[in-house]
Amino acid sequence: MRQITFGIYHDANPVFSKDGKTILFDSDRNGRRQLFSIGIADSIPQLVVSDTNELFMPAWHPNGETIFGVKKESDSWLPYESKDSRGFRTLAKRKVQMQHPDFNTSGNLLAFGGKTANDKNWKLMTYDFRYDNLNEVVKVSEDISFPRWSPKGLYLSFHRQKEN
């Protein structure tokens, strides 16, 4: 094990590319959280895309080319997607905030912690890109975060935060 980023920066939410050669992460090294990448044999992170708002919580699409992240606009966390470094596009067809996105193995389903304006807590949600369906997966009264698909994409694990 070795450290690959250095400095007084807040580097967070690392995810490996499909081939395992690149790590995508968010960092405040430019003054606000943006998405960076670094090769596992490299020592200098590269800015993936810059935005006037914060970008964080990245996820790789299984195609290995598309990057997905979360953009903070005032009090909203909106999904964002990019196939190259020319910029991201907002995927705000639905009025739902998101955190901790994770694609299934086929790339057609995205699991995330989701919250609408009427919700008190973060819920486990999925978005189906093929059919434009947004679904609440489980109904609980606690905050849900960090959903992760099983290797074959059949199951979801998640963190459930109980209130005191």
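Its first residue numbered -12, the sequence shown is counted upward by one per residue in my numbering.
We put the CB at the ideal spot given by N, CA and C, even for glycine.
Separation of residue j from residue i, as counted between CA atoms
i: residue 152; j: residue -6; result: The structure shown has nothing for residue 152, since the chain only spans -12 to 151.
i: residue 145; j: residue 88; result: 11 Å
i: residue 92; j: residue 111; result: 18 Å
i: residue 53; j: residue 44; result: 14 Å
i: residue 103; j: residue -8; result: 35 Å
i: residue 136; j: residue 125; result: 15 Å
i: residue 133; j: residue 51; result: 21 Å
i: residue 25; j: residue 36; result: 13 Å
i: residue 129; j: residue 143; result: 17 Å
Proximity winner among the options, relative to residue i (alpha-carbon distances)
i: residue 148; options: 92, 98 and 127; result: 127
i: residue 55; options: 85, 39, 26 and 130; result: 85
i: residue -1; options: 14, 26 and -11; result: 14
i: residue -11; options: 2, 27, 12 and -3; result: 27
i: residue 82; options: 114, 94, 135 and 90; result: 114
i: residue 3; options: 105, 39, 36 and 90; result: 90
i: residue 6; options: 98, 142, 47 and 122; result: 47
Proximity test, Cβ basis, 8 Å: residue i and chain D
i: residue -3; result: Given the protein chain composition of this structure (a single chain), no chain D is represented.
Same chain, Cβ closer than 6 Å to residue i, five either side skipped, listed in chain order
i: residue 41; result: 19, 20 and 59
i: residue 96; result: 113 and 115
Residues bridged to residue i [DSSP beta-bridge criterion]
i: residue 41; result: 59
i: residue 144; result: 135
i: residue 84; result: 102
i: residue 114; result: 97 and 121
i: residue -7; result: Note: residue -7 sits in no beta bridge, so no partner.
Cβ shell of residue i (< 8 Å), same chain only, five flanking positions each side left out
i: residue 16; result: -6, -4, -2, 23 and 32
i: residue 123; result: 101, 110, 111 and 112
Ranges of the beta strand (DSSP E) found wholly within the segment -5 to 42, counting only runs of at least 3: -2 to 3, 9 to 14, 21 to 26 and 33 to 36
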